[in-house]
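Input: a single structure, listed below in structure tokens.
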Amino acid sequence: MYEKSALANGLRLVTHKMPQRNSASVGIWLGVGGRYEHKANKGIAHVLEHLCFKGTKKYSARSIKETIEGLGGSLNGFTSEEFTCYLTKIISKHLMLALDILSDMVLEPLLAKHDLKKEKSVILEEIKMYRDLPQAYVNELLDELLWPGHPLGMNLAGTLDSVSGLKQSRIADFKRQFYHPANIVVSVCGNIEHQRLLDELSRLFSKARAKANTNFKKVQINQAKPRSRFFYKDTQQSHLAMGYHSYRREHPDRHTVGLLHIILGANMSSRLFSEIRDKKGLAYEIGTQPRYFNDSGAFFVHAGVDNHKVFTAISAILKEMRRITKSPVAKNEFARAKEYYTGQLLMSLEDTLDHMLWMGEQETALRKIKSADEILKEINKVTIDDLLRVAGDIFKGRSLSLAIIGPQKEKEQAEIARLLE
């Protein structure tokens, strides 16, 4: 049972009461992330999130951490392409204090120049770190191929130049533009009372005023043939990321995509794990990942492969991707995938933090929350024919992109690129 209320200034509260739990999890969600940026200010949402932890008019950076952790709680935040979230999990009796701290972080961060200088330095090192991790950087290269010139195709943390160039005034302007109540969802799950939370939020956000929300740049897909990019690096292993354009967050076939993910690469009994790792020994790490945005999506295949077996591994992966578009999935394999989907969903919602994240993402993105029962009904409606239809629609050669980091020379790169044709 989900309860939902809204303040006069537009702030939305969504809650789910779990009276048997000792904990409560709260997240303050903002409808802003990397795709609301442009090339010159790329990474600004992430920098602002960091700065909100560096102290407010009421709480110092040290007291924010020590207060939450001193009460047995945990504190975190994240920035994604479409959201920013500040969250904590804590014993329920301390929830109101935690909410006061999170609210102050969002409403009254100091955004001090000396903190900005330090955090920019930290984030620049973070960018360099991921650049040096081929298993991470290869996904950035794939994003650039799938969404060229679009914010979704740019590094979420920004570039060395864009982050270095961020000024305090620009960050403050960005905060004023996006950190307002009409763009905020407060999601709370655990041993809590909805009305008490609503009264407290009315007090905490009484002076905050709504503004008009800013839309993001919509995606336009214009890919007519396969794309590939090779990044030469003298590594012990080649890292590849393969991607197809897929469906948006609320597409009617979203759960069909989820089932294809389970069948192809979500676990150790998946097809790619069985064929590429267990039977052929071509990779240690291999899997799939669907990604959903409000107006776009992608289906990723990722693997770490022996440098001398890249051509063979990609051939085997493509064979599996083609097979699922042409041959119906066996009934027992289909049934296992549905049971896995169901089990993973239900088990994730037992935890107050995971359940809070589930509610917050849905409400922020879609302004509605589907219950687990509604989701399970949608999953159960998917048929084997649906799998075949959706696989054929997504796994088309012309929508395929491939990024590889490894020691491949020009001749081998050309041979691999021809595989995609």
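Residues 1175 to 1595, numbered by the working numbering, are exactly what the sequence shown covers, in order. C-beta atoms are modelled at their ideal positions from N, C-alpha and C, and glycine is treated no differently. What you are looking at is a predicted structure, and each value in this text was computed from that prediction instead of being measured.
Closest residue to residue i among the options (Cα-Cα distance)
i: Lys1407; options: Glu1595, Pro1581, Gly1208 and Ala1198; result: Pro1581
i: Val1475; options: Leu1492, His1212 and Tyr1466; result: Leu1492
i: Ala1182; options: Arg1377, Val1564 and Ile1297; result: Arg1377
i: Leu1550; options: Lys1570, Tyr1514, His1413 and Glu1584; result: Tyr1514
i: Asn1468; options: Ile1242, Glu1256 and Leu1185; result: Glu1256
i: Glu1282; options: Lys1232, Leu1245, Leu1273 and Asp1289; result: Lys1232
i: Glu1552; options: Thr1430, Arg1423 and Asp1452; result: Thr1430
i: Asp1274; options: Val1200, Gly1439 and Val1393; result: Val1200
i: Gly1534; options: His1413, Gly1339, Lys1213 and Ile1202; result: Ile1202
i: Leu1562; options: Glu1318, Phe1348, Glu1374 and Asp1427; result: Asp1427
i: Thr1526; options: Ala1180, Lys1263, Ser1254 and Ser1237; result: Lys1263
i: Ala1198; options: His1529, His1354 and Phe1404; result: His1529
i: Val1484; options: Lys1454, Lys1213 and Pro1322; result: Lys1454
i: Phe1379; options: His1425, Phe1473, Val1280 and Gln1369; result: Val1280
i: Glu1223; options: Gly1417, Thr1258, Gly1205 and Ser1573; result: Thr1258
i: Glu1586; options: Asn1481, Phe1473, Arg1451 and Ala1310; result: Asn1481
i: Thr1516; options: Glu1314, Ala1546, Met1416 and Leu1330; result: Ala1546
i: Phe1348; options: Lys1381, Ile1436, Asp1373 and Gly1205; result: Gly1205
i: Ala1384; options: Leu1372, Val1359, Arg1465 and Ile1395; result: Val1359
i: His1413; options: Gln1309, Lys1391, Ala1214 and Val1393; result: Gln1309
i: Leu1147; options: Arg1497, Lys1542 and Met1416; result: Nothing about residue 1147 can be reported from this structure: the residues present for the chain run from 1175 to 1595 only.
i: Lys1555; options: Ile1436, Tyr1458, Phe1508 and Arg1350; result: Phe1508
i: Gly1184; options: Ala1382, Phe1473 and Arg1350; result: Ala1382
i: Ile1498; options: Ile1437, Arg1422, Ser1420 and Lys1267; result: Ile1437
i: Phe1569; options: Ala1477, Ala1214 and Leu1434; result: Leu1434
i: Gly1471; options: Ser1573, Met1175 and Thr1538; result: Ser1573
i: Asp1306; options: Leu1225, Phe1405, Arg1401 and Lys1391; result: Phe1405
i: Lys1583; options: Gly1566, Ala1477 and Thr1409; result: Thr1409
i: His1190; options: Ala1214, Tyr1421 and Gln1369; result: Gln1369
i: Ser1352; options: Ala1490, Ala1219 and Met1192; result: The question names Ser, but residue 1352 in the sequence shown is Phe. Considering only alpha carbons, the answer is Ala1219.
i: Gly1244; options: Asn1196, His1268 and Tyr1260; result: His1268
i: Arg1465; options: Leu1316, Ala1272 and Lys1213; result: Leu1316
i: Ile1301; options: Ala1272, Leu1334, Asn1313 and Met1192; result: Leu1334
For residue i, the residue or residues it bridges with in DSSP
i: Cys1226; result: According to DSSP, which records beta bridges pairwise, Cys1226 is partnered with nothing at all.
i: Ile1579; result: Phe1405 and His1413
i: Arg1186; result: Ala1180 and Val1359
i: His1419; result: Ala1472
i: Ala1198; result: Ile1264 and Gly1364
i: Leu1574; result: Tyr1418
i: Lys1231; result: DSSP output for Lys1231 lists no bridge partner at all.
i: Trp1203; result: Cys1259 and Val1359
i: Leu1249; result: Thr1262
i: Lys1191; result: Gly1364
Cβ neighbours of residue i in the same chain (closer than 6 Å, five flanking residues each side left out)
i: Lys1178; result: Val1188
i: Ser1336; result: Lys1216 and Gly1217
i: Glu1318; result: Gly1327
i: Leu1372; result: Ser1179 and Leu1187
Nonlocal neighbours in the same chain, by C-beta distance under 7 Å from residue i, ignoring five residues either side
i: Gln1342; result: Leu1285, Lys1287 and Leu1290
i: Ala1235; result: Phe1227, Lys1228 and Gly1229
i: Gly1439; result: Leu1446, Phe1447, Ile1460, Gly1461, Thr1462 and Val1475
i: Asp1278; result: Thr1230, Lys1232 and Tyr1233
i: Glu1424; result: Leu1540
i: Lys1544; result: Gln1536
i: Leu1320; result: Gly1327, Gly1417, His1419, Ala1472 and Ser1575
i: Met1192; result: Cys1363, Gly1364, Asn1365 and Thr1526
i: Lys1392; result: Asp1469
Nearest-angstrom beta carbon gap, residue j and residue i [assumed within contact, 8 Å]
i: Ile1265; j: Gly1246; result: 6 Å
i: Ala1356; j: Asn1387; result: 6 Å
i: Ala1487; j: Leu1456; result: 4 Å
i: Ala1588; j: Arg1403; result: Actually they are not in contact, since the Cβ atoms of Ala1588 and Arg1403 sit about 13 Å apart, beyond 8 Å.
i: Pro1325; j: Glu1211; result: 6 Å
i: Glu1367; j: Met1270; result: The pair is not a contact, with the Cβ atoms about 10 Å apart (cut-off 8 Å).
i: Ile1579; j: Tyr1311; result: 6 Å
i: Gly1566; j: Pro1400; result: About 17 Å; that fails the 8 Å criterion.
i: Leu1520; j: Trp1532; result: About 11 Å separates the two Cβ atoms, so there is no contact after all.
i: Gly1478; j: Tyr1458; result: 6 Å
i: Glu1449; j: Ala1490; result: 6 Å
Residues of its chain near residue i, where Cβ-Cβ distance is below 8 Å and the 5 sequence neighbours each way are ignored
i: Gln1194; result: Asn1365
i: Ser1254; result: Gly1207, Gly1208 and Leu1330
i: Val1221; result: Leu1290, Glu1293, Lys1294, Ile1297, Gly1332, Val1337, Leu1340 and Ile1345
i: Ser1443; result: Arg1510
i: Ser1248; result: Ile1242, Thr1262, Lys1263 and Ile1264
Within-8 Å CB hit, residue i to chain C
i: His1288; result: Absent here is chain C; the protein component of the structure consists of one chain.
**Message:** What ranges does the beta strand (DSSP E) occupy inside the stretch 1443-1513, keeping only unbroken runs of at least 3 residues that lie completely in it?
**Reply:** The stretch 1443-1513 contains, as complete beta strand (DSSP E) runs of 3+ residues, the segments 1457-1466 and 1471-1480 (chain order).
**Prompt:** In chain order, which continuous runs of the alpha helix (DSSP H) of length 4 or greater are located wholly inside the stretch 1329-1402?
**Reply:** 1334-1338, 1342-1352 and 1368-1378
**Prompt:** In the stretch 1256-1319, which residue ranges form an unbroken beta strand (DSSP E) of at least 3 residues, counting only runs that do not cross its ends?
**Reply:** 1258-1265
**Message:** What ranges does the alpha helix (DSSP H) occupy inside the stretch 1539-1569, keeping only unbroken runs of at least 4 residues that lie completely in it?
**Reply:** 1546-1555 and 1558-1568
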